[in-house]
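Below is one structure, written out as structure tokens; the observations come after it.
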Amino acid sequence: MHEMIRTWDGAFVVTHHDAPTGAMVYIAVHRSTPEAACGGTRQRSYSSPERALQDAMGLAETMTLKFALLDLPRGGGKAVIDLPADLPAEARAGLMERYGLLLESL
């Protein structure tokens with residue numbers, strides 16, 4: 000995974016382990032601008048951490064291209080939450096609260 004990040008042309012990647020659920024969070028910012036990077040969050044179970052990271056980086060790059068196409072002064076960012084396959088639905092509320100705090104800290 001380090002090699003994937005090292006060779007990516009994006010701005011930065013944040014990884015975070017949510018201990019209560021075992022979920023992994025990958026936040027990828029493709030381009031930084033004076034305005035905040037924008038994008039969304041995808042939640043699903045991935046076959047590997049590498050696939051989750053690859054998805055986040057690719058989605059962030061796509062967001063940069065979408066904003067550029069519309070001539071908007073935004074960089075692209077995207078987050079992926081790699082959920083454990085057996086995560087109960089009721090556990091997601093706490094996960095999303097902690098995820099929101101993580102985003103606010105950036």
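For the sequence shown, the positions run 0 to 105 when numbering that gives the first Met the number 0 is used.
Note that CB positions come from ideal geometry on N, CA and C, so glycine has one too.
Of all the options the options, which has the alpha carbon lying nearest to the alpha carbon of residue i?
i, options, result
"A36", "A78, G99, D85", "A78"
"R41", "E49, D54, P33", "D54"
"I25", "S31, I4, D8, A90", "Looking at the sequence itself, residue 25 is Tyr, so the reference to Ile does not match. It is I4 whose Cα lies nearest to the Cα of Y25."
"T32", "S104, P83, W7, A67", "A67"
"E103", "A18, W7, S47, V13", "V13"
"G9", "L71, P72, E60", "E60"
"D81", "M95, L71, D70", "M95"
"T6", "L52, G39, P87", "L52"
Check for me: the alpha helix (DSSP H) holding residue i runs from which residue to which?
i, result
"D70", "No alpha helix (DSSP H) holds D70; DSSP gives it neither H nor E."
"H1", "1-6"
"R91", "90-104"
Starting from residue i, trace the beta strand (DSSP E) in both directions and tell me its first and last residue.
i, result
"Y45", "That residue, Y45, is in no beta strand (DSSP E); it is neither H nor E in DSSP."
"G76", "76-81"
"H16", "11-17"
Among the residues of its own chain, which have a CB less than 8 Å from the CB of residue i, if the five just before and after it don't count?
i, result
"E49", "M0, M3"
"P83", "T20, G21, A22, S44"
"R97", "D17, P19"
Which of the three DSSP states, helix, strand or coil, is assigned to residue i?
i, result
"A22", "strand"
"A27", "strand"
Excluding five sequence neighbours on each side, which residues of the same chain lie with their C-beta closer than 7 Å to the C-beta of residue i?
i, result
"T63", "H29, R30, G74, G75"
"L101", "H15, V24"
Spatial neighbours of residue i within its chain, please: C-beta separation below 6 Å, excluding the five flanking residues on both sides.
i, result
"L58", "K77"
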